[in-house]
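S.K.: Counted the way this note's numbering counts, the sequence shown spans residues 5 to 326.
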Amino acid sequence: MLHFPTNLEIDITGRCNYNCSFCRNGHLDVYNDMDFDTIIRLLNECVKHGIFSISISGGEPTMHCRFNEIVSYIGKINIAWALTTNGSNIDDNLAELLSCNGIKSVYITLSGFTNITETKHKNADHVFDKTMQAIQSCKKYQIPVVLGYILTPMNISEINMFIDFCLKNCIRAKLTRVYPMGNALDNNNLFISEETYKILLKEFKDKLGKLALLGENSVPFEKRVCSAGVLSCVVGYDYNVYPCVNFLGDQKVSCGSILDSSLYDIWNSSKVMNAFRTPRVYMPYCQKCSYKDTCNGGCRAEAYKQSGDYCIIEKSCDYVCF
(Lines of atoms letter the chains of each structure in order from A; the text may use other names.)
(Lines give C-alpha, C1' and ligand atoms only; values in the text may rest on other atoms or scores of the structure.)
Protein backbone atom coordinates (compact mmCIF):
# COMPACT_ATOMS: atom_id res chain seq x y z
CA MET A 5 0.00 0.00 0.00
CA LEU A 6 1.18 3.51 -0.80
CA HIS A 7 1.63 5.64 2.31
CA PHE A 8 0.44 8.82 0.60
CA PRO A 9 -1.74 9.48 -2.47
CA THR A 10 0.01 10.01 -5.77
CA ASN A 11 -2.77 12.32 -6.99
CA LEU A 12 -4.91 14.70 -4.97
CA GLU A 13 -7.84 16.98 -5.79
CA ILE A 14 -8.26 20.00 -3.52
CA ASP A 15 -11.59 21.79 -3.69
CA ILE A 16 -10.52 25.18 -2.37
CA THR A 17 -13.94 26.84 -2.33
CA GLY A 18 -17.61 26.00 -2.38
CA ARG A 19 -18.53 29.29 -4.03
CA CYS A 20 -19.47 29.49 -7.69
CA ASN A 21 -20.76 32.22 -10.01
CA TYR A 22 -22.86 29.72 -11.98
CA ASN A 23 -25.80 27.60 -10.88
CA CYS A 24 -25.51 24.67 -13.27
CA SER A 25 -28.59 22.51 -13.52
CA PHE A 26 -26.36 19.40 -13.50
CA CYS A 27 -23.88 20.44 -10.77
CA ARG A 28 -22.72 17.47 -8.74
CA ASN A 29 -22.29 19.72 -5.68
CA GLY A 30 -25.70 21.34 -5.84
CA HIS A 31 -26.87 19.38 -2.79
CA LEU A 32 -24.10 20.75 -0.57
CA ASP A 33 -24.59 23.75 1.69
CA VAL A 34 -20.94 24.77 2.07
CA TYR A 35 -20.23 27.98 0.17
CA ASN A 36 -17.16 29.28 1.95
CA ASP A 37 -13.51 29.51 0.91
CA MET A 38 -11.12 27.00 2.42
CA ASP A 39 -8.81 28.70 4.89
CA PHE A 40 -5.62 29.90 3.16
CA ASP A 41 -3.25 28.71 5.87
CA THR A 42 -4.86 25.27 5.83
CA ILE A 43 -4.35 25.06 2.07
CA ILE A 44 -0.69 26.01 2.45
CA ARG A 45 -0.21 23.40 5.19
CA LEU A 46 -1.79 20.78 2.95
CA LEU A 47 0.39 21.75 0.00
CA ASN A 48 3.51 21.55 2.15
CA GLU A 49 2.47 18.09 3.28
CA CYS A 50 2.13 17.06 -0.36
CA VAL A 51 5.66 18.29 -1.04
CA LYS A 52 7.00 16.44 2.00
CA HIS A 53 5.58 13.14 0.81
CA GLY A 54 6.51 13.59 -2.84
CA ILE A 55 3.05 13.65 -4.38
CA PHE A 56 2.95 13.24 -8.16
CA SER A 57 0.29 15.84 -9.00
CA ILE A 58 -2.60 17.88 -7.61
CA SER A 59 -5.78 19.28 -9.13
CA ILE A 60 -7.25 22.54 -7.88
CA SER A 61 -11.03 22.62 -8.10
CA GLY A 62 -14.19 23.80 -6.32
CA GLY A 63 -16.87 25.28 -6.58
CA GLU A 64 -15.26 27.70 -8.96
CA PRO A 65 -11.65 27.80 -7.69
CA THR A 66 -10.82 31.19 -9.22
CA MET A 67 -13.39 32.73 -6.87
CA HIS A 68 -11.30 31.94 -3.79
CA CYS A 69 -10.46 35.28 -2.19
CA ARG A 70 -6.74 34.43 -2.30
CA PHE A 71 -6.62 32.38 -5.49
CA ASN A 72 -3.70 34.29 -7.01
CA GLU A 73 -1.64 33.76 -3.86
CA ILE A 74 -2.41 30.04 -3.92
CA VAL A 75 -1.26 29.84 -7.55
CA SER A 76 1.95 31.70 -6.76
CA TYR A 77 2.69 29.40 -3.83
CA ILE A 78 2.17 26.28 -5.93
CA GLY A 79 4.63 27.74 -8.43
CA LYS A 80 7.23 28.14 -5.68
CA ILE A 81 6.97 24.59 -4.37
CA ASN A 82 7.17 23.11 -7.88
CA ILE A 83 4.32 20.58 -7.82
CA ALA A 84 2.75 19.36 -11.06
CA TRP A 85 -0.78 20.72 -11.03
CA ALA A 86 -3.93 21.30 -13.05
CA LEU A 87 -6.98 23.52 -12.70
CA THR A 88 -10.64 22.58 -13.11
CA THR A 89 -12.68 25.71 -13.79
CA ASN A 90 -15.75 27.03 -15.59
CA GLY A 91 -13.41 29.47 -17.34
CA SER A 92 -15.42 32.58 -16.49
CA ASN A 93 -12.56 34.41 -14.78
CA ILE A 94 -9.66 33.43 -17.02
CA ASP A 95 -8.40 36.40 -18.99
CA ASP A 96 -4.92 37.18 -20.31
CA ASN A 97 -3.69 38.38 -16.91
CA LEU A 98 -4.77 35.25 -15.06
CA ALA A 99 -3.55 32.98 -17.87
CA GLU A 100 -0.13 34.62 -17.63
CA LEU A 101 -0.08 34.00 -13.86
CA LEU A 102 -1.03 30.35 -14.35
CA SER A 103 1.61 29.90 -17.03
CA CYS A 104 4.34 31.48 -14.91
CA ASN A 105 3.57 29.10 -12.07
CA GLY A 106 3.91 25.81 -13.89
CA ILE A 107 0.33 24.78 -14.57
CA LYS A 108 0.09 21.62 -16.69
CA SER A 109 -3.48 21.93 -17.96
CA VAL A 110 -6.84 23.68 -17.56
CA TYR A 111 -10.03 21.63 -17.68
CA ILE A 112 -13.25 23.41 -18.68
CA THR A 113 -16.69 21.86 -19.09
CA LEU A 114 -19.23 22.97 -21.68
CA SER A 115 -22.89 22.00 -21.82
CA GLY A 116 -23.51 23.23 -25.34
CA PHE A 117 -21.83 25.23 -28.07
CA THR A 118 -23.94 28.39 -28.17
CA ASN A 119 -24.67 31.11 -25.65
CA ILE A 120 -28.35 30.14 -25.62
CA THR A 121 -27.74 26.52 -24.64
CA GLU A 122 -24.96 27.28 -22.18
CA THR A 123 -27.06 29.97 -20.50
CA LYS A 124 -30.00 27.61 -20.07
CA HIS A 125 -27.84 24.92 -18.49
CA LYS A 126 -25.68 27.15 -16.31
CA ASN A 127 -28.17 29.90 -15.41
CA ALA A 128 -25.74 32.73 -16.12
CA ASP A 129 -25.28 35.21 -18.97
CA HIS A 130 -22.60 35.19 -21.70
CA VAL A 131 -21.28 31.83 -20.49
CA PHE A 132 -20.17 30.54 -23.87
CA ASP A 133 -18.38 33.79 -24.79
CA LYS A 134 -16.47 33.68 -21.51
CA THR A 135 -15.41 30.09 -22.16
CA MET A 136 -14.11 30.96 -25.62
CA GLN A 137 -12.19 33.89 -24.14
CA ALA A 138 -10.66 31.61 -21.52
CA ILE A 139 -9.54 29.15 -24.19
CA GLN A 140 -7.95 31.90 -26.26
CA SER A 141 -6.14 33.32 -23.22
CA CYS A 142 -4.79 29.88 -22.31
CA LYS A 143 -3.71 29.34 -25.91
CA LYS A 144 -1.91 32.70 -25.90
CA TYR A 145 0.20 31.57 -22.93
CA GLN A 146 0.62 27.99 -24.21
CA ILE A 147 -1.45 26.37 -21.47
CA PRO A 148 -2.92 23.02 -22.60
CA VAL A 149 -6.72 23.02 -22.41
CA VAL A 150 -8.94 19.98 -21.97
CA LEU A 151 -12.64 20.42 -22.73
CA GLY A 152 -15.49 18.36 -21.36
CA TYR A 153 -18.87 18.20 -23.10
CA ILE A 154 -21.82 17.20 -20.93
CA LEU A 155 -24.52 15.68 -23.10
CA THR A 156 -28.18 16.55 -22.54
CA PRO A 157 -31.20 16.31 -24.86
CA MET A 158 -30.89 20.07 -25.40
CA ASN A 159 -27.32 20.12 -26.73
CA ILE A 160 -27.06 16.95 -28.84
CA SER A 161 -27.51 19.02 -32.01
CA GLU A 162 -24.44 21.11 -31.14
CA ILE A 163 -21.98 18.28 -30.52
CA ASN A 164 -20.58 18.36 -34.06
CA MET A 165 -19.75 22.06 -33.68
CA PHE A 166 -17.87 21.16 -30.51
CA ILE A 167 -15.99 18.34 -32.23
CA ASP A 168 -15.05 20.57 -35.19
CA PHE A 169 -13.77 23.24 -32.80
CA CYS A 170 -11.59 20.73 -30.94
CA LEU A 171 -10.19 19.34 -34.20
CA LYS A 172 -9.44 22.80 -35.57
CA ASN A 173 -7.67 23.88 -32.38
CA CYS A 174 -6.11 20.50 -31.53
CA ILE A 175 -7.82 20.38 -28.13
CA ARG A 176 -8.29 17.17 -26.17
CA ALA A 177 -11.87 16.53 -25.17
CA LYS A 178 -14.06 14.22 -23.11
CA LEU A 179 -17.72 13.35 -23.60
CA THR A 180 -19.82 12.75 -20.50
CA ARG A 181 -23.47 12.70 -19.56
CA VAL A 182 -25.54 13.86 -16.62
CA TYR A 183 -25.93 11.49 -13.69
CA PRO A 184 -28.54 11.71 -10.93
CA MET A 185 -26.47 13.68 -8.45
CA GLY A 186 -26.76 17.13 -6.89
CA ASN A 187 -28.88 19.60 -8.88
CA ALA A 188 -29.64 16.99 -11.53
CA LEU A 189 -31.95 15.23 -9.08
CA ASP A 190 -34.38 18.11 -9.63
CA ASN A 191 -33.92 18.26 -13.42
CA ASN A 192 -35.14 15.07 -15.08
CA ASN A 193 -34.98 16.67 -18.53
CA LEU A 194 -31.18 16.46 -18.53
CA PHE A 195 -30.81 12.72 -19.01
CA ILE A 196 -30.22 10.82 -22.24
CA SER A 197 -30.65 7.11 -22.81
CA GLU A 198 -27.83 4.59 -22.63
CA GLU A 199 -28.39 3.70 -26.28
CA THR A 200 -28.17 7.33 -27.43
CA TYR A 201 -25.05 7.88 -25.36
CA LYS A 202 -23.28 4.86 -26.86
CA ILE A 203 -24.08 6.00 -30.41
CA LEU A 204 -22.83 9.54 -29.78
CA LEU A 205 -19.76 8.32 -27.92
CA LYS A 206 -18.71 6.14 -30.84
CA GLU A 207 -19.15 9.06 -33.23
CA PHE A 208 -17.21 11.29 -30.85
CA LYS A 209 -14.27 8.87 -30.64
CA ASP A 210 -14.26 8.15 -34.37
CA LYS A 211 -14.14 11.83 -35.32
CA LEU A 212 -11.71 13.07 -32.66
CA GLY A 213 -9.36 10.10 -32.72
CA LYS A 214 -6.42 10.58 -30.36
CA LEU A 215 -7.89 13.86 -29.09
CA ALA A 216 -10.76 11.94 -27.48
CA LEU A 217 -10.24 11.21 -23.80
CA LEU A 218 -12.07 8.32 -22.19
CA GLY A 219 -13.57 8.97 -18.79
CA GLU A 220 -14.27 6.06 -16.48
CA ASN A 221 -17.85 5.72 -17.62
CA SER A 222 -16.72 5.66 -21.26
CA VAL A 223 -14.49 2.64 -20.66
CA PRO A 224 -15.96 -0.87 -20.88
CA PHE A 225 -16.85 -2.22 -17.45
CA GLU A 226 -14.34 -5.05 -17.61
CA LYS A 227 -11.43 -2.71 -18.35
CA ARG A 228 -11.93 -0.05 -15.66
CA VAL A 229 -9.36 0.61 -12.96
CA CYS A 230 -10.48 2.71 -9.99
CA SER A 231 -7.77 4.68 -8.20
CA ALA A 232 -10.03 6.00 -5.41
CA GLY A 233 -8.46 5.41 -2.02
CA VAL A 234 -5.66 3.43 -3.65
CA LEU A 235 -3.75 6.10 -5.58
CA SER A 236 -5.89 9.20 -5.19
CA CYS A 237 -8.39 11.04 -3.01
CA VAL A 238 -10.14 14.39 -2.65
CA VAL A 239 -10.06 17.08 0.01
CA GLY A 240 -13.43 18.79 -0.16
CA TYR A 241 -14.08 22.43 0.66
CA ASP A 242 -15.71 21.16 3.86
CA TYR A 243 -12.16 20.05 4.83
CA ASN A 244 -13.19 16.39 4.76
CA VAL A 245 -11.24 13.78 2.82
CA TYR A 246 -13.13 11.49 0.43
CA PRO A 247 -11.96 8.60 -1.75
CA CYS A 248 -13.29 10.36 -4.87
CA VAL A 249 -15.38 13.36 -5.96
CA ASN A 250 -18.54 11.30 -6.30
CA PHE A 251 -18.75 10.99 -2.52
CA LEU A 252 -18.38 14.68 -1.66
CA GLY A 253 -20.57 15.77 1.20
CA ASP A 254 -21.58 12.25 2.23
CA GLN A 255 -20.51 11.93 5.86
CA LYS A 256 -20.85 8.14 5.69
CA VAL A 257 -17.94 8.10 3.25
CA SER A 258 -15.88 10.87 4.84
CA CYS A 259 -12.46 9.61 5.88
CA GLY A 260 -11.74 12.43 8.33
CA SER A 261 -11.03 16.15 8.40
CA ILE A 262 -7.70 17.82 7.68
CA LEU A 263 -8.60 20.24 10.47
CA ASP A 264 -8.20 17.38 12.93
CA SER A 265 -5.52 15.20 11.32
CA SER A 266 -2.84 15.28 8.66
CA LEU A 267 -3.71 13.88 5.25
CA TYR A 268 -0.99 11.30 5.84
CA ASP A 269 -2.71 10.00 8.98
CA ILE A 270 -6.13 10.00 7.34
CA TRP A 271 -4.81 8.16 4.28
CA ASN A 272 -3.19 5.49 6.40
CA SER A 273 -5.71 5.01 9.22
CA SER A 274 -9.17 5.68 7.76
CA LYS A 275 -11.47 2.67 7.85
CA VAL A 276 -13.18 3.93 4.69
CA MET A 277 -9.87 4.18 2.83
CA ASN A 278 -8.93 0.69 3.97
CA ALA A 279 -12.27 -0.62 2.73
CA PHE A 280 -11.49 0.81 -0.71
CA ARG A 281 -8.25 -1.20 -0.72
CA THR A 282 -9.75 -4.53 0.22
CA PRO A 283 -11.24 -7.05 -2.21
CA ARG A 284 -14.85 -6.47 -3.22
CA VAL A 285 -17.75 -8.78 -2.55
CA TYR A 286 -17.73 -10.45 -5.95
CA MET A 287 -20.35 -12.51 -7.72
CA PRO A 288 -19.44 -16.21 -7.96
CA TYR A 289 -18.55 -15.94 -11.66
CA CYS A 290 -16.04 -13.17 -10.90
CA GLN A 291 -13.66 -15.68 -9.32
CA LYS A 292 -13.02 -17.29 -12.71
CA CYS A 293 -13.10 -14.12 -14.80
CA SER A 294 -9.89 -13.14 -16.60
CA TYR A 295 -10.75 -9.44 -16.12
CA LYS A 296 -11.20 -9.61 -12.35
CA ASP A 297 -7.84 -8.08 -11.42
CA THR A 298 -8.36 -5.27 -13.94
CA CYS A 299 -11.91 -4.19 -13.26
CA ASN A 300 -11.80 -4.83 -9.49
CA GLY A 301 -15.58 -4.73 -9.44
CA GLY A 302 -16.05 -1.51 -11.39
CA CYS A 303 -16.90 1.93 -10.01
CA ARG A 304 -17.48 2.01 -6.25
CA ALA A 305 -19.52 5.19 -6.50
CA GLU A 306 -21.90 3.50 -8.93
CA ALA A 307 -22.17 0.50 -6.61
CA TYR A 308 -22.87 2.86 -3.72
CA LYS A 309 -25.62 4.66 -5.65
CA GLN A 310 -27.19 1.37 -6.65
CA SER A 311 -27.08 -0.38 -3.29
CA GLY A 312 -25.70 1.91 -0.58
CA ASP A 313 -22.64 -0.35 -0.35
CA TYR A 314 -19.30 0.56 -1.96
CA CYS A 315 -17.83 -2.82 -1.08
CA ILE A 316 -19.80 -4.80 -3.64
CA ILE A 317 -19.40 -4.84 -7.42
CA GLU A 318 -20.93 -2.09 -9.52
CA LYS A 319 -23.57 -4.21 -11.21
CA SER A 320 -24.19 -7.64 -12.64
CA CYS A 321 -21.55 -8.14 -15.28
CA ASP A 322 -22.35 -8.95 -18.90
CA TYR A 323 -18.83 -10.20 -19.56
CA VAL A 324 -18.40 -13.66 -18.03
CA CYS A 325 -14.91 -14.18 -19.46
CA PHE A 326 -12.75 -17.18 -18.65
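Every residue, glycine too, gets a C-beta built ideally from N, C-alpha and C.
#1: My guess is that G18 and L32 are in contact by the Cβ rule of under 8 Å, so how many angstroms apart are they, rounded?
#2: Strictly by DSSP, which residues pair up with E13?
#3: Is the CB-CB distance between L252 and V238 below 9 Å?
#4: Check C24 in the structure and name its three-state DSSP category.
#5: Can you tell me which of T180, I16, I262 puts its alpha carbon nearest to the alpha carbon of Y2?
#6: Based on the DSSP output, what are the partners of K178 in its beta bridges?
#7: Mind checking who T113 pairs with in its DSSP beta bridge?
#8: Looking at W85: is its Cβ nearer than 9 Å to the Cβ of I94?
#9: Can at least three beta-carbon pairs, one atom from the segment 181-194 and one from the segment 149-163, be found at a separation below 8 Å?
#10: Could you give the first and the last residue of the continuous beta strand (DSSP E) run that contains A86?
#11: Taking the straight line between their C-alpha atoms, what separation do you get for M277 and K172?
#12: Consult DSSP for I160 and reduce its assignment to one of helix, strand or coil.
#13: Which residue wins for smallest C-alpha separation from E207, given the options I163, S231, S197, I270?
#14: Quick one: what's got a C-beta closer than 7 Å to N272's C-beta in the same chain, skipping five residues either side?
M.R.: For this structure:
#1: For the purposes of this step, residue 18 is taken as residue 14 along the sequence shown, with counting starting at 1. For the purposes of this step, residue 32 is taken as residue 28 along the sequence shown, with counting starting at 1. G18 to L32, Cβ: 7 Å. Contact.
#2: As a first step, residue 13 is located in the sequence shown; it is residue number 9 there, counting from the start. Its beta-bridge partners are S59, V238.
#3: On the sequence shown, residue 252 is found 248 positions in, with the first residue counted as 1. On the sequence shown, residue 238 is found 234 positions in, with the first residue counted as 1. Yes, they are a contact pair.
#4: Here residue 24 refers to the residue found at position 20 of the sequence shown. In this structure, C24 counts as coil in the three-state DSSP scheme.
#5: A query on residue 2 cannot be resolved here, the shown segment of the chain reaching from 5 to 326 and no further.
#6: Walking along the sequence shown from the start, residue 178 turns up at place 174. DSSP output for K178 lists G152, L217 as bridge partner(s).
#7: Stepping through the sequence shown from its first residue, residue 113 is reached at position 109. Partner(s): G152.
#8: Numbered from its first residue, the sequence shown carries residue 85 at position 81. Numbered from its first residue, the sequence shown carries residue 94 at position 90. Not closer than 9 Å, so no.
#9: yes
#10: Position 82 of the sequence shown, counted from the first residue, corresponds to residue 86. Segment 84-89, the beta strand (DSSP E) holding A86.
#11: Within the sequence shown, residue 277 is the residue found at index 273, counting from 1. Within the sequence shown, residue 172 is the residue found at index 168, counting from 1. Taking the straight line from one Cα to the other gives about 43 Å.
#12: If you number the sequence shown from 1, residue 160 lands on position 156. Reduced to three states, the DSSP call for I160 is helix.
#13: By 1-based counting over the sequence shown, the position of residue 207 is 203. That would be I163, whose Cα lies nearest to the Cα of E207.
#14: In the sequence shown, residue 272 corresponds to position 268, counting from 1. If we look at N272 and ignore the five residues flanking it on each side, its Cβ neighbours are H7.
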